[in-house]
Each structure stands twice: as structure tokens, then as C-alpha cells.
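Q:
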Amino acid sequence: MTMLLEVENLTKSFGGVQAVDGLTLAIQEGSITGLIGPNGSGKTTCFNLISGQIRPDTGVVRFAGREITHMRPSRIARLGIGRTFQIPTPFTRMTVLENVMIGAFSRSRTLGEASRLALEVLEFTGLKDKQDELAANLTTADRKRLEVARALATGPRLLLLDEVIAGLNPTEVQGAMELIRAIRARGVTVLMVEHVMEAVLPLCDWVIVLNFGRKIAEDTPDRIVRNPTVIDAYLGERFRART
Amino acid sequence: MGLFLQTLIDGLLIGGLIIVIGVGFSLCFGVMHIIDFAVGEWVMLGAYTAFWMVRYFGRDPFVYLPVIFFLYMAIGYLIYPLIHRAVSGRRHNPALMGLVFTFGLASLIKGGALTAWGFHVRSVTTWLSGESLPLGFAVVPALRFAGFAFGVLATVAFMLFLKWSKIGVAIRAVAQDRIMAELLGVDTNRVSALVYAMYTGLTGMAGVLIGALFSIHAGMGLRYTTFAFFVVVLAGMGYVPGVIPAGFLLGLLQSLVTVYVSGRYTLLAVFLVLYGTLLARPRGLLGRGW
Amino acid sequence: MGPFWLAPEAFSEGVGNLLVGVKRISQARTSQILGWAMGMGLLLAFPLFVSSFWLRIATEVLMWAGLAQSWNIIGGYTGYLSFGHGAFFGIGAYATAILMVHAGWPFWPTLLVGAILSALCAAAVGFPTLRLRGAYFAIATWAFGEAIRQVATVLEVTGGAFGMQLPPFLNLPFFYEAMLIATVLTYLLAFLLLERSMFGYKLRAIRENEVAAEAAGVDTVATKIEAFILSAIPAAVFGGLYAYLITYIHPDSVLGPAITDLMVVMVLFGGVGTLWGPLVGATAIQLVNRLLWFLRGESTLYLVYAGVAICLVVLFMPDGLLGLVERRQLVLRPKENLRALLRQFKL
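Protein chains in written order, with the working numbering: chain A, 1 to 243; chain B, 1001 to 1290; chain C, 2001 to 2347.
1) DSSP three-state label for F1004 (chain B), please.
2) Strictly under 8 Å for the Cβ-Cβ distance: is P1134 (chain B) near chain C by that measure?
3) Can you name the residues of chain B whose CB is closer than 8 Å to the CB of Y2302 (chain C)?
4) Are the CB atoms of F91 (chain A) and A135 (chain A) within a distance shorter than 8 Å?
5) Between the beta-carbon of V2211 (chain C) and the beta-carbon of T89 (chain A), is there less than 8 Å?
6) Please report the distance separating the alpha-carbon of G2323 (chain C) from that of F1051 (chain B).
7) What runs of the beta strand (DSSP E), each 3 residues or longer, lie entirely inside the stretch 154 to 214 of chain A?
8) Compile a chain-ordered list of the residues in the stretch 1176 to 1196 of chain B whose CB is closer than 9 Å to at least one CB of chain C.
9) From D21 (chain A) to E218 (chain A), what distance separates their C-alpha atoms?
10) Could you name each continuous alpha helix (DSSP H) segment of 4 residues or more that falls completely within the stretch 2195 to 2221 of chain C, going from the start of the chain to the end?
11) How about F2089 (chain C) and V2254 (chain C): do their beta carbons lie closer than 8 Å?
12) Nearest to P2234 (chain C) by alpha carbon, out of C:F2053, C:G2134, C:L2117 and C:M2164?
13) Measuring CB to CB, does I32 (chain A) end up less than 8 Å from R223 (chain A)?
14) Can you tell me which of C:V2304, C:F2316 and C:Y2094 puts its alpha carbon nearest to the alpha carbon of L1105 (chain B)?
15) Once DSSP output is grouped into helix, strand and coil, what is the label at Y1239 (chain B)?
16) Put A1116 (chain B) into one of helix, strand or coil per three-state DSSP.
17) Who are the Cβ neighbours of T2300 (chain C) in its own chain at under 7 Å, not counting the five residues just before and after it?
18) To the nearest angstrom, how far is the alpha carbon of L2262 (chain C) from that of V2061 (chain C)?
19) Do you know how far the Cα of F1103 (chain B) is from the Cα of D1036 (chain B)?
20) Assign L1135 (chain B) to one of three DSSP states: helix, strand, or coil.
21) For L1222 (chain B), which residues from the same chain have a beta carbon less than 7 Å from its beta carbon, with the 5 sequence-adjacent residues on both sides left out?
22) Taking the C-alpha atoms as reference points, what is the distance between R75 (chain A) and G2217 (chain C)?
23) Using alpha carbons as the reference points, say which of B:M1032, B:A1146, B:F1025 and B:F1227 lies closest to A1269 (chain B).
24) For the structure I just gave you, are there three or more beta carbon pairs, one from the stretch 2235 to 2248 of chain C and one from the stretch 96 to 108 of chain A, closer than 8 Å?
25) How would you write the range of the beta strand (DSSP E) that A114 (chain A) sits in, first residue to last?
26) Kindly indicate which residue of C:L2321, C:A2222, C:E2146 and C:N2289 has the alpha-carbon position closest to the one of Y1275 (chain B).
27) Taking the C-alpha atoms as reference points, what is the distance between L1071 (chain B) and I1109 (chain B)?
28) Taking DSSP as the reference, what is the three-state secondary structure of R72 (chain A)?
29) Cα separation between C2311 (chain C) and Y2080 (chain C)?
30) When you compare only the Cα positions, how much space is there between P1309 (chain B) and F2316 (chain C)?
31) Measure the Cβ-Cβ separation of V1208 (chain B) and G1046 (chain B) and say whether it is below 8 Å.
32) Name the residues in the stretch 112 to 141 of chain A whose C-beta lies less than 7 Å from a C-beta of chain C; which are they?
33) If you draw a straight line from the alpha carbon of V2101 (chain C) to that of P2167 (chain C), how long is it in whole angstroms?
34) Using 8 Å as the limit for Cβ to Cβ distance, is K2202 (chain C) near chain A?
35) So what does DSSP say about S13 (chain A), is it helix, strand or coil?
36) Residue range of the beta strand (DSSP E) that G83 (chain A) falls in?
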């Protein structure tokens, strides 16, 4: 099975801080993979390095066999990696539809076509009835949905989700989990950074654990929660007790 | 070779003075993320103030340096809340609005100066004007040397202040990480106001010396705004130590072009080097910029 | 997609929009068509029923409305402040002057040369700076404006500091009509290319949140450069027209910072990033300017008023006049409300 995303020996330091330290991982096409770890373990930096917002000091990122390490974020997005940001960044003075349309531009030839694609994505993510609402007026949960919708509109093969579930109430969490499953059903591979274990463990096929910018473990969810290194570094005793 | 050496020395001496302006300007950017388009106008105001003070109260312009420092510090401190309002978060594109505001401020000051003081070119003399200082291999105009000495002293004093004083530490903290500093209890607003005030004070003082060295006219601000931009981009935006080599480079460039080509081409040369830098090394020659 | 400096994307969309527009016009209600036609007719026939004093003022207002809109394209819609935009105006003015005086060219082709030169300069200045943050662009364009002014002051072919005298053509109605057409075309350009196109949305996305736009697949650098080139062209055309109109130009009159200042304040006052903001702002500011000139006759106060106006607008009404109107009406559909406002002005 070819790996959709391969990261080899990625390093990045900021000033004196080593954010990512020789990180190597691979994501299988069609999977939902979780990326977990304590705060400051380099998860968001890892995302930024993959999607091109920052350049690594050393290391290689390969997407579908093609090296994308030093490409610009817009090029990477057009090649098929979509991402959301931890703090949603909608285009506040535009409507929900317009926000998502922008994502569809890279694969449309006319405004009408982009509009249709956007509507389809809005329907899929459950935002259709809010299409004319200004993004500034949305609730946090809806803003997160909008982030996902905009990323989906680019027609990605791989979707990087940065803490989409954090901060949602239990109903919203369920809704988000269903959406992620539906996204995978559409053929999009998902890599998600998350702290909410109640969502990560049932959703993910595979979990990668980071600490101090390095991968300390990767395994299926049920084996990860029993992994003593992981429990020490991040999960804490309550998980060991639970399982 | 005598002319070349003389030109080099001239350039370095001027550079020393420009550094004072650059240091304040760069710190301003580092702390508040604002580019003050009015920087050259503060220079002009300092020069004119010295001129009028000498006109009305006599004495040597050097005497008025501290007065002008505190005067423009006060003015800067009073203006800062307006800048803060222009940049405050509830607007869209706060950074842009800050730029536009200082741009408007620059026009305002320049227009005011032109209207109040007309197009006449003034000058100011000090006891050092016309004096020379023999330095072994070259003869240096005493006033230029004084300007350089002032520049070095002011810069060193400022850097020491930043390094050793309590406020200086607070300023550096805010420049590095504003949010963190706020969380640690630093009143970032007051720090920003102080930085802006010190910058206007320093720049006003530099203006006095520039006024004594060159001519004073209402349109002179343009030149120094361009110089300040040049220095800050070459140094790396927000990287204050980089201002020192960048300032000297500017002095040298300006001096060489004035002597070997023509004074009318200096701004053009400065622009071309600025353009080249943005093309090749946008984060400054040392790559430590923002 | 072709080399971005020819702005192919924007233009191909613009042409597409034009065709759609033509189709819509043929389908529009007769009353609407008549309304617009009458409005245009009135504007065109304006010289017939006013004195040359008012005609002159109208000509100036039209020119500034067009200039402000050109700045609006890069400064308003895209959010990248071009603080040396007056340079393009000056390049157009000097192109016309030099070609007519030294090469004996007729007037109209000189406008084309000015436009091409400005476009090239915009591409050259934009290429390194639009890859960087907005602050660098502001500095670079400002420095560019000053550099061009220096060039004009030192070169012989531009007449140096003494400027140039063009062959006189004292026909005010001609200039009025020419400015009218140029301004209408500029607004049409803005409307087709920016209001209803993917290109326009991309610009606005860049203004709202450039990082998010990049992550959504928008090639922000190419788009910004295209916008900058598009904004330089009308400015150059107006420069050429102005040079011919005023007959005598020199570095301070067509390359001075006052020109950029006024463009900026007009767009800010009217409403950044809106289609009609520049028109509203230009009308208001230029009329006030002329009034003050009339009363006090001083030209340097220009700068003071422009500066004060910019500061006040930034402090109290950053969205401009049209922004105030929009907010008071709890908008979901800003375009509808703007049309309502317009009906009070034009038709």
C-alpha cells in the first residue's frame, strides 16, 4: 500500500527552541490518523511544515510520491492537501458561501461553477441553510465547520484537521465525528491533531504520539492507550485505569 | 586616494548620526509593529526647532539638545494614544491602518511646516561649524565629528538603557513576545508609548545635528524617511543591532554617490540598493529581520 | 495560464463578464436601460449647459474619481497600500509630454505608451515586494515614488526641475469628455474585473486573511501582482490626459507626494474596497479642496488637510462614508443598499 504522505527526518527550530526534532512518519491513503501529544510537542508545527506555512531546517516531505518540502502553501493546497487552522480564520466580511467558494476557485473555471461546488460542500457539511450569513456572525462550532468546508472545497486528497473538536459541546462533538467519517467515506484521507481522546480513539485507525518534537509511539488506538511511554508522557494514569 | 579616504570618513561620520534615527525607528517597529512614515518629519521638526530657538534665545544649538529631546519625547507620548487607536483590534486590517495613519501624520506635519515656514532654506551654525579636526591621515570637519560622536554616544546610551534598566527589559520583552509580556504583567501599552516617545525624542535630537550639518527646509523630511527605511530594511525589520552596520553602509553609499556621481542621484542610488535588497535578501543583510 | 504580468486571468474573466453583461443588458427592463442611457446622455451633454468654471471642476472631479479608483484596486480591494501610486500618474504625464514634444507624436498613442510603461514598472516593483508582507510593499512603493521624482528632476529629456511645456490644446469640453470616458471605463473595469469575478474574490480574500487564502489554494503572489499592474494602468492614462490638459508639467506638479496623498484620502473617506467609494470620496474631497483654494488660495494647506483628513478617517471612520451607511442598515446584501444610495445620486 503506497503511503500518501511521507515525512522524513523533519527538523525545525525557532530561536533556541527545537520544535520538531527528526520527525519521521507516514500516512496511508484512506486512513484516519490521529496526531496526539502534550502541548508544545510540535503537532501544529508539524502541520505547518507539511502544508508549507513554514520551511523545515532539514528533512523531506513527500506527497503521493512527489517532494513538496519547499513548495508554497497555495501550490501544496492545489496539489491536494487541505488544512484547517486551530483558531478558525474565516474571511469575516464575506458570507459563508463566499468563504467556501474561494476554496473552490482552484478547480473551477467560472464563478458559477465555483458557486455550485461550494453549495455542494455546504450541503455535505451541514451549513447550507447558513450560506448567506456573514462569517463574522457564526458560532465557534459553525466557524470550525466552515474551516473544514473551505478546505474540502479545494478537493483535497489529504485533509489536515487542527483541533477541530476541541471546545465543542458533546452534541457538536458527535456531529463533528460523523462529518469526519463522512469525509473519509468520500475518499479523503484524514490526519487530525486532537486533544479530545473521546473523539480520537473511536475515530482513528492509527495514532501517532509526539513529544518534544519527536515521535515516541505509533500504533492502533487500543494499543496506544496501554503504551506506558505514552501514558507517562501524555495520557496519564486515568487511561491506564480505565482500560 | 586622499579624496576617497575623505569620502569614506565622511560617510562613516554621517552613518553614525543616521544610526540614532534607525535604532529608534527599528525598535518602534519591533515593539508596535508600526512603520512610522513620519520619521523624516521628526528630523525636520527637530532641525527647525533648533533654528527658531537659536533665533529667539541665541546661544549654540547644542545647548538645546536636551530641551528638544524632552520636548519631542512629550509630543510623541501624547501622539501615541492616537496611533494606538488607529491600530486597535476592532478594526479590520489594523496594521494597514497604522501605516495609513502615520502616512497622514507625515503629510500633516510637512504641510504644516511648509505653510508656517515657507520654502526658505535655513541654516544653523554652532561654534564647531567651520572648525576642523586633524586626525592624522585626514582632516575632519569638527562638526561632522561631533555629529558622529553624538550618534555613537546616543546609540550606546540607548542600548545600555535597553539592556540594563528595568524599563529596558520590559521593552525587550514586549518586542520579543507581546502576548507573553502582557501575561507576565507588563503594561504593553505604556511600554509602547514610551518607546514611541523615546524614538521621537532621539530623532528630534538627531534633527538638530542634521540641521546644523546640512540645510534646513520644510521638504527635508523626505530624504531622512528614505534613509530610515533603507536602514531598517537592510538591518532586518525589528532587528535593532543590525541598524549599526546598515547605518554605516548608508552613510558610505550616500557619501560615495554624492562625491563621485552627483548629489542629485543619491536618493535614486538608495532606492536601487533598497530594491536590490528586497529582491535578494528581504530579511535584511544579516537575515535576522521579521 | 500565461505570464502573470499580462494579467491574463483577470482579463479573461473580465471579458467573460463583459459578454454576460451584454447579454444581461439585452434582457434588462427597458426602463432600466433608458435610465442608464439618460444618465450617460446627461453626463455627456454636460458641457452644453454649464459655464467653463463648473466644467473645469467637473473635469477635475472625474479625473480624481478615476485616480482614486485606480488606487482602490490595490489599496482598497487587495489591502496592499501603494504609497507611491502618484508615480504612475507622473509616468503617464511625462510619457505623453516627452513623446509629443521630443518625438512629435500625436496625443492618443502616447497614452498607450504611458500605460505600458506603468504596467512594466508595476510588475518590476511588485515582483520582489509582493512576496513579502504589506509593510515592505508600502515602503518600496513609497521609495519608488520618490525615486521616480528624482529621476524626472535630473534627466534632461524630462526638462529637469523646470519641467516641460506641451503643445497647447485649449478645448475644455474635449478634456471633459475624455476624462468622462476614461473614468467610466475605469469604473467599468473595476466592476467587471473586481465586483463579480473570481479574481475580485481572491483579492478580497487576500485582504481579509492572506494566510487562509494561501491555504485555500489562491496563488496570492501572482494575484497581487496582477492587481498592482491593473491599478497602475488607469493612473498612467489619467496622467497623460492631465499633462495635455494642463499644458505645463514639472516634477512637483505630477510626481509630488500630494497626488498619492489625495488618492489615499479620497478612497479612505469614500470607503475602501467598494466600487463607488472612490467616486464619493473624490467628489467630496475635491470639492472641498477647490472651495478652500477659492477662499484661501494657498496650495500647501492641501497637504495639511489631506493629512488631517487621513488621520481623522482612520481614527473615526475607517470604513469610509459608504461603510457608515452600510452598517446602519444591518446588511446581508450590501450591494442592494449601495444601489439604493446610488439612486439618490445618479438615476
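Positions of the beta carbon are idealized from the N, C-alpha and C atoms, including for glycine. Predicted, not measured: the structure shown is a model, and the values here were computed from it.
A: According to the data block:
1) helix
2) no
3) G1111
4) For A135 (chain A) and F91 (chain A), yes; Cβs fall inside 8 Å.
5) yes
6) 45 Å
7) 158 to 162, 189 to 193 and 206 to 211
8) none
9) E218 (chain A) has its alpha-carbon roughly 16 Å from the corresponding atom of D21 (chain A).
10) The DSSP assignment places 2198 to 2208 and 2210 to 2215 as complete runs of the alpha helix (DSSP H) inside the stretch 2195 to 2221 of chain C, in order along the chain (cut-off: 4 residues).
11) One thing to note: F2089 (chain C) has its Cβ within 8 Å of the Cβ of V2254 (chain C).
12) Closest option to P2234 (chain C), judged by alpha-carbon separation, among C:F2053, C:G2134, C:L2117 and C:M2164: C:L2117.
13) no
14) C:V2304
15) coil
16) helix
17) Excluding residues within five positions, none has a Cβ falling inside 7 Å.
18) 12 Å
19) When only Cα atoms are considered, D1036 (chain B) and F1103 (chain B) end up about 7 Å apart.
20) The answer is coil: DSSP assigns L1135 (chain B) none of H, G, I, E or B.
21) G1040
22) 7 Å
23) B:F1227
24) no
25) It is not in any beta strand (DSSP E) - A114 (chain A) instead sits in the alpha helix (DSSP H) that spans L111 to T125.
26) Restricting attention to C:L2321, C:A2222, C:E2146 and C:N2289, the CA atom closest to the CA of Y1275 (chain B) is found in C:E2146.
27) Approximately 16 Å, taken between the alpha carbons.
28) coil
29) Straight-line measurement puts the Cα of Y2080 (chain C) at about 18 Å from the Cα of C2311 (chain C).
30) Not covered by the structure: residue 1309 (chain B). The range shown for chain B is 1001 to 1290.
31) yes
32) Listed by position along the chain: A114 and D132.
33) 7 Å
34) Chain A, which has a Cβ nearer than 8 Å to the Cβ of K2202 (chain C), makes this yes.
35) strand
36) Just to set this straight, residue 83 (chain A) is Arg in the shown sequence, not Gly. Per DSSP, R83 (chain A) belongs to the beta strand (DSSP E) from I81 to R83.
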